[in-house]
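Engineer: Number 444 marks the last residue of the sequence shown (the working numbering); no jumps. Note that the Cβ used here is the ideal one computed from N, Cα and C, for glycine as well. Owing to the predicted nature of the structure, the values given are computational and were not obtained by experimental measurement. Once you've had a glance at the structure underneath, I'll fire off some questions.
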Amino acid sequence: MEAVHVIGGGLSGVEAAWAAARLGVQVHLWEMRPARMTPAHRTGQLAELVCSNSFGGEAEDNAKGCLQREIAAVGSAVMAAAQASRLPAGAALAVDRERFSYLVGQAISAEPRIHLHTAECRDLPSGVTVLATGPLTSDALAARLAERLGESQLAFYDAAAPVVTKSSIDLSVAYFAGRYGQPADYLNCPLDRAAYLHWYRLVSEARSHVPHDFEHLEFFEGCMPIEELARRGVDTPRFGPLKPRGLPDPRTGREPYAAVQLRQEDAAGELWSLVGFQTGLKWPDQQGVVRAIPGLERAEIVRYGVMHRNTYLNAPRLLAPSLRLRSGLPVWVAGVLAGTEGYLESAATGWLAGVNAARLALGQEPLVPPAESVLGSLVRYLSSAKSEGFQPMNANWGLLPPLPAPPRGRRERNRALSERARRSFALWAEAEGLLAFRPSLA
Ligand SMILES: Cc1cc2nc3c(=O)[nH]c(=O)nc-3n(C[C@H](O)[C@H](O)[C@H](O)COP(=O)(O)OP(=O)(O)OC[C@H]3O[C@@H](n4cnc5c(N)ncnc54)[C@H](O)[C@@H]3O)c2cc1C
3 MEAVHVIGGG LSGVEAAWAA ARLGVQVHLW EMRPARMTPA HRTGQLAELV
53 CSNSFGGEAE DNAKGCLQRE IAAVGSAVMA AAQASRLPAG AALAVDRERF
103 SYLVGQAISA EPRIHLHTAE CRDLPSGVTV LATGPLTSDA LAARLAERLG
153 ESQLAFYDAA APVVTKSSID LSVAYFAGRY GQPADYLNCP LDRAAYLHWY
203 RLVSEARSHV PHDFEHLEFF EGCMPIEELA RRGVDTPRFG PLKPRGLPDP
253 RTGREPYAAV QLRQEDAAGE LWSLVGFQTG LKWPDQQGVV RAIPGLERAE
303 IVRYGVMHRN TYLNAPRLLA PSLRLRSGLP VWVAGVLAGT EGYLESAATG
353 WLAGVNAARL ALGQEPLVPP AESVLGSLVR YLSSAKSEGF QPMNANWGLL
403 PPLPAPPRGR RERNRALSER ARRSFALWAE AEGLLAFRPS LA
């Protein structure tokens, strides 16, 4: 039986290696640290948490909480280590980062089918492979991937705009229209002069996230952060992304003073991103700036804008929902490189990539979790989102198919989504025999 190569011993790589090994396959896990470090990692440990020590909210009505339960049920090594190293953190699952990485390392070294190599991979190996090298993929490998997959399929830093749910947009204010009579594919939020000046003041005064010292960014004109544009002058955003030309408000018949456009992000039409609003503002300030826009006063922000160095593939073009490259190469991609955001999402996609790589080695068909589960909705999003301007995504309720008869109230709706997700994932995992390999961490 062929062995599986896993490149990268971060959050997604360790989970992929663990899942493949637990299915009975030999695994070669390649991690370049400590021989070669990244600009953010500080240790040579596997699964190092580079920044915060939180895996997100644990509550059942939180999509991250639901995803934690899904992967814990199928024996996630990351979740087992997180539970064994947890710290008090209110509603979130936070961990002692050193103990967490130590426990993951112990689990990996105690698994006889996993062979750990400390080396940088500068190219794809020829066999069955899981690529899990994360946002700080080494330069040599990134250059090789750009060559093999096409330069334009690889983004080198992340300039994401906030994403909001459609159900939280006030449609008595926002209107559908395309510029100059183009198809009405955009939602448009009109600002009169007073609203624009209020918004401008907020964005000018908002606090920006101070980037890590290695993240010296030179912005391309095409993805300039909105706060940077605002710094250039009061009218700059109004002649840029907030341009109202060709967008008459159907209620007045006139073009507003400024307009914020939102573009659909997912096939179901529940997620909408603010066009041209890439930002590195601190999250509370970012929320204030978004909610100052007429029509978005109650916006539910499911992903905040971020600006940092990142390496990720254009997943909708390149990846199938099983996370395998569509090109037919026996290569699966997981974690941030696959277009996810966050420790938890990285571990979850790592698990699926590891299972599917092992299944190929075992001569079995790939698996995709049901669309109603959080993991299933995330991998479907990765493979079906708009490829143009694709930006990484985290787990959130907006990715799931809507409920046929949703209860009233956001909390109640989220609970119902969570209940459906939990049930569908458990049934699927049981039917596929995946519940059998429970965690066995010391
Ligand atoms: C500065 C920064 C701060 C972040 N803060 C947070 C946060 O607070 N919360 C959060 O949820 N997410 C955060 N993220 C995103 C975070 O990186 C991911 O959530 C998570 O670590 C991604 O998992 P991964 O497996 O994709 O990548 P990683 O965990 O980074 O793992 C990739 C591994 O591959 C190795 N590697 C790279 N290239 C090679 C190669 N050629 N050969 C062999 N090994 C290689 C690296 O050394 C690394 O160990 C942050 C990212 C950055 C860059």
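Along the alpha helix (DSSP H) that carries Trp274, what are the first and last residues, could you check?
Structural biologist: Taken as a continuous stretch (DSSP letters only), Trp274 belongs to no alpha helix (DSSP H), being part of the beta strand (DSSP E) at 273-276.
Engineer: To which residues of the same chain is Arg293 closer than 7 Å at the C-beta, ignoring the five residues directly before and after it?
Structural biologist: Glu299, Ala301
Engineer: Taking the continuous beta strand (DSSP E) assigned at Gly58, which residues delimit it?
Structural biologist: It spans 56-59 - the beta strand (DSSP E) in which Gly58 sits, taken as one unbroken run.
Engineer: Would the beta-carbon of Val130 fall within 7 Å of that of Glu4?
Structural biologist: yes
Engineer: Excluding the 5 residues flanking Ser56 on each side, which residues of the same chain have their C-beta closer than 6 Å to its C-beta?
Structural biologist: Ala94, Ala96
Engineer: Please tell me whether, using a cut-off of 6 Å, the distance from the CB of Met34 to the nearest non-hydrogen atom of ligand 1 is below it.
Structural biologist: yes
Engineer: Thinking C-beta only, is Ala176 closer than 7 Å to Leu445?
Structural biologist: Because the chain here runs from 3 to 444, residue 445 falls outside it and cannot be looked at.
Engineer: Taking the beta carbon of Trp334 as the centre, do at least 16 other beta carbons fall within 10 Å, making it buried, or is it exposed?
Structural biologist: buried
Engineer: Got a sec, what are the start and stop residues for the alpha helix (DSSP H) Ile295 sits in?
Structural biologist: Premise fails: Ile295 is in no alpha helix (DSSP H) and is neither H nor E.
Engineer: Tell me whether Gln155 sits in a helix, a strand or coil according to DSSP, three-state version.
Structural biologist: helix
Engineer: Note down the Cα distance separating Leu392 from Thr342, rounded to an integer number of angstroms.
Structural biologist: Going by the sequence as given, residue 392 is Phe instead of Leu. Distance between the alpha carbons of Phe392 and Thr342 is about 11 Å.
Engineer: With respect to 6 Å, is the separation between the Cβ of Leu377 and the closest non-hydrogen atom of ligand 1 below this value?
Structural biologist: no
Engineer: Starting from Tyr202, trace the beta strand (DSSP E) both ways and give me its first and last residue.
Structural biologist: That residue, Tyr202, is in no beta strand (DSSP E); its alpha helix (DSSP H) goes 195-207.
Engineer: Start and end of the alpha helix (DSSP H) containing Asn312?
Structural biologist: Here Asn312 belongs to no alpha helix (DSSP H); instead the beta strand (DSSP E) covers 309-315.
Engineer: Do Gly248 and Arg181 come within 7 Å of each other at the CB atom, strictly closer than that value?
Structural biologist: yes
Engineer: Run through DSSP, which three-state label would Val357 get?
Structural biologist: helix
Engineer: Would a C-beta distance cut-off of 7 Å place Gly291 and Val205 closer than the cut-off?
Structural biologist: First, the amino acid is wrong: residue 291 is Val here, not Gly. Yes, these two residues count as a Cβ contact at 7 Å.
Engineer: Within its chain, find whatever has a CB closer than 7 Å to the CB of Gly242; leave out the 5 residues flanking it on each side and keep chain order.
Structural biologist: Leu231, Gly278
Engineer: Comparing C-alpha positions only, which one of Leu380, Lys168, Gly10 sits nearest to Trp452?
Structural biologist: This structure cannot speak to residue 452, because the chain is shown only from 3 to 444.
Engineer: Just the Cα atoms here: how many angstroms apart are Ala21 and Arg328?
Structural biologist: Near 22 Å, if we compare the C-alpha coordinates of Arg328 and Ala21.
Engineer: Which residue wins for smallest C-alpha separation from Arg195, given the options Ser275, Ile295, Arg44?
Structural biologist: Ile295
Engineer: Can you tell me whether DSSP reads Tyr259 as helix, strand or coil?
Structural biologist: coil
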